[in-house]
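Counting with this note's numbering, you get residues 3 to 528 for the letters of the sequence shown.
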Amino acid sequence: MTKKISLILTLSVLFLSFTFGQNFDLTTKLSKKQMYKDFDTFVQIMDSSTHCFVRKIATGYDPVIAIKMKREEIKKIKSYGEFIQFLYYCLPSTMTTHVRMIGDYKGFYGIKYIDTQAVKPLMNAYIAYLNTLPNSVVGLGNGFYYQGGYYIYGTQRFINITTSDTVIISNYRVLKHNDEPINIFNKLQLMVGNASVRRWDYSLQQYYMVYGPYIPRTDRMTVEDYPSKKIVDIDMENYRRQIYTSSLPLSMWDTLPLEQSETMKVKYYDSLHLLYIYMGAMIYDEGVFAHSIKEAGKGKQIDKIIWDIRGNYGGDDFAWMSVLSAIIKNPLPRTASIGFRNTECMKKIFEDYIEQNSTPPKKISKQIISFLDSTEFLTVRFGGITEEGDTAYIMSDSNSLQYDGTIYVLQDEYTISSAGVLIAYCRDYSQLISVGIPTGLIAGKGITPAIFQLPESKFTFIMEPEVDLTNTKTAFDVFHDRPEIEIYPTFEELIEKNDYGVFFNQRGDEFLFKHDYLFKKVLKME
């Protein structure tokens, strides 16, 4: 490298550090040319995305088309801040679990392709920009989806601010929003908000919002009260609300304890010879939680283990691996076939991952995947018996419980990320049986999300670059989210779980044995 080139590069780095390392002024303007360049780069990234492609093949929804439809909105954008917000609102259209704007580049793959100096200052500036905007109108909250319908948990008392007329409705279904059928509103909602709240309903073959629709308090809605089936029209701008998150009679509220639910729990039930384990997050604590499992079950007769990971948003794979090591008698092999689309964008991320994590680097193969539109993928096999002859196992601890019976793993639509890795793992080995409802998300064994950055605005986001192709024969197999035993609640069971869950510790005996429909049903399984 010549001294002249070296000097130019040094000055360029200093310029970037000064421009982005000091402050982002989001009230300034990017040129329309810069905005369109960034948007088109964003579209190119999504067009090469492995997740977006699989989702399109499986469900028919094409994230790239959904994003391209937003291009016209750039004409109305006036400032840097508005453009960053516009890009932020493009992310949900991808419907990818981990996709989000970030302010820290550490721990992700693809770092060498981004300007790291720009990441945190831009995020700080964007947060400051949001604080200058008017407060958004609060939505209904406490919503949920059930068999094609959107409902609101609990009881709400609407009081007319002019006449004092009162409307009381419980566990009500939202039928219309501003006189439009709710399914029309739902389609619009799928394009905004956090990407991870989208789910796929296998029965009805449609997407839905897991927390229900976001309806501003100033809008009109038509609802159906669940107990009475009466239809009510409410212009919410003229009402104030009293919200009770449970629909149990108010007379019961003073009689029920208000308990804090546990985030981690281990308990042995002697009369049932049952070991119950709850993990609210995949937090690796250097084996402390695993040790508590061994202590609870040591010297006990264990006929069944229920491992509850409902509501677990993930964390560290070592967390659930350490739990398995504390329980099992025989080693369990770890295998995975990871695939990236063979596009320039995904290829460089894949190579970066292999370079950092394989010594010596594992062999990358090219494979045509017939059930994914006969598209060429770059694949690599981890664990198991590989071409290099190595074998990876989850080993039992020397003082493990030596349990070789069935482990029932409870999942729901909130079991994602590394918790989703565990439910994918259940399908590979008969000792683990996943039970519950599908997550409606692409899960499976994979890698840490990769980082991407747009050239002009420096908008920086992460996204999963790969899919798990282990034991797959269809596009939906790639989701790895369906439990081996699917158990759906009745509407009444769902309401009961919510009503009593407001008061009781949801991992406590009173709640589990009396009001938790899934726990009660798994308890009876042989």
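Every residue gets a Cβ at the ideal spot worked out from N, C-alpha and C, and that includes glycine. Because the structure is a prediction, the values reported are computed rather than measured.
> Unbroken beta strand (DSSP E) runs of length 3 or more, entirely within the region 261-325: which are they?
Replying inline: Every beta strand (DSSP E) of 3 residues or more that sits fully in the region 261-325 is shown, in chain order, as 266-271, 276-281, 306-310.
>> By alpha-carbon positions, which one of 93, 284, 29 ends up nearest to residue 422?
In response: Between residue 422 and the set 93, 284, 29, the nearest pair of CA atoms involves 284.
>> Beta-carbon within less than 7 Å of residue 320's beta-carbon, same chain only, minus the 5 sequence neighbours each way: which residues are those?
In response: Here the set comprises 286.
> What is the DSSP secondary structure of residue 162, reduced to helix, strand or coil?
Replying inline: Reduced to three states, the DSSP call for residue 162 is strand.
>> According to DSSP, simplified to helix, strand and coil, what is residue 459?
In response: If DSSP states are grouped into helix, strand and coil, residue 459 belongs with coil.
>> Quick check: what's the CA-CA separation for residue 28 versus residue 440?
In response: The alpha-carbon atoms of residue 28 and residue 440 are separated by roughly 41 Å.
> Buried or exposed: residue 292, going by 16 or more other Cβ atoms within 10 Å of its Cβ?
Replying inline: Residue environment: residue 292 is assigned as buried (16 or more neighbouring CB atoms within 10 Å of its CB, all protein chains considered).
> To which residues of the same chain is residue 369 closer than 6 Å at the C-beta, ignoring the five residues directly before and after it?
Replying inline: The residues 379, 381, in chain order, have a CB closer than 6 Å to that of residue 369 in the same chain once the five nearest residues on each side in sequence are set aside.
> Could you give the distance in angstroms between the alpha-carbon of residue 125 and the alpha-carbon of residue 462?
Replying inline: Straight across, the Cα-Cα distance linking residue 125 with residue 462 is about 9 Å.
> Tell me, which residues are paired with residue 172 by DSSP?
Replying inline: According to DSSP, residue 172 bridges with 157.
> Where residue 295 and residue 328 are concerned, what is the direct C-alpha to C-alpha distance, given to the nearest angstrom?
Replying inline: The alpha-carbon separation between residue 295 and residue 328 amounts to approximately 7 Å.
> Expressed to the nearest angstrom, what Euclidean distance is found between the alpha-carbon atoms of residue 384 and residue 475?
Replying inline: Distance between the alpha carbons of residue 384 and residue 475: 19 Å.
> What did DSSP end up calling residue 29 once you bin it into helix, strand or coil?
Replying inline: Here residue 29 carries a coil assignment [DSSP, helix/strand/coil].
> Looking at the structure shown, is residue 96 part of a helix, part of a strand, or coil, going by DSSP?
Replying inline: DSSP, read as helix, strand or coil, puts residue 96 in helix.
> Are the CB atoms of residue 213 and residue 145 nearer to each other than 8 Å?
Replying inline: Between residue 213 and residue 145, the C-beta gap is smaller than 8 Å, which places the two residues in contact.
> What span of residues does the beta strand (DSSP E) with residue 338 cover, start to end?
Replying inline: 337-343 is the span of the beta strand (DSSP E), which, as asked, contains residue 338.
> Relative to the alpha-carbon of residue 47, which residue among 481, 453, 412, 501 has its alpha-carbon at the smallest distance?
Replying inline: Comparing C-alpha distances from residue 47 to each of 481, 453, 412, 501 shows the shortest one belongs to 453.
> Based on Cα-Cα distance, which residue from 268, 520, 399 lies nearest to residue 499?
Replying inline: The candidate whose alpha carbon is nearest that of residue 499 is 520.
> Hey, how far is the Cα of residue 234 from the Cα of residue 182?
Replying inline: Using only the alpha carbons, I get a separation of about 15 Å.
> What are the residues that DSSP puts in a beta bridge with residue 399?
Replying inline: DSSP output for residue 399 lists no bridge partner at all.
> Between the beta-carbon of residue 236 and the beta-carbon of residue 187, is there less than 8 Å?
Replying inline: Contact: no.
>> Could you check whether residue 402 and residue 308 sit closer than 8 Å to each other, using their CB atoms as the reference points?
In response: The beta carbons of residue 308 and residue 402 sit no closer together than 8 Å.
> Between residue 314 and the rest of its own chain, which residues show a CB-CB distance below 7 Å, the 5 nearest in sequence each way excluded?
Replying inline: Within the same chain, residue 314 has close Cβ partners 281, 282, 283, 284, 417, 421.
> Where does residue 511 land, buried or exposed, given buried means 16+ other C-beta within 10 angstroms?
Replying inline: Around the CB of residue 511, fewer than 16 other CB atoms lie within 10 Å, so the residue is classed as exposed.
> Leaving out the 5 sequence neighbours to the left and right, which residues in its chain are closer than 8 Å to residue 318 when beta-carbon positions are compared?
Replying inline: Its chain contains 284, 285, 286, 420 as the residues whose beta carbon lies nearer than 8 Å to that of residue 318, once the 5 sequence neighbours on both sides are disregarded; these appear in chain order.
>> Assess contact between the region 435-450 and the region 79-91, defined as three or more Cβ pairs (one per stretch) separated by less than 8 Å. Is contact present?
In response: Because the criterion of three Cβ pairs below 8 Å is not met, the region 435-450 and the region 79-91 do not touch.
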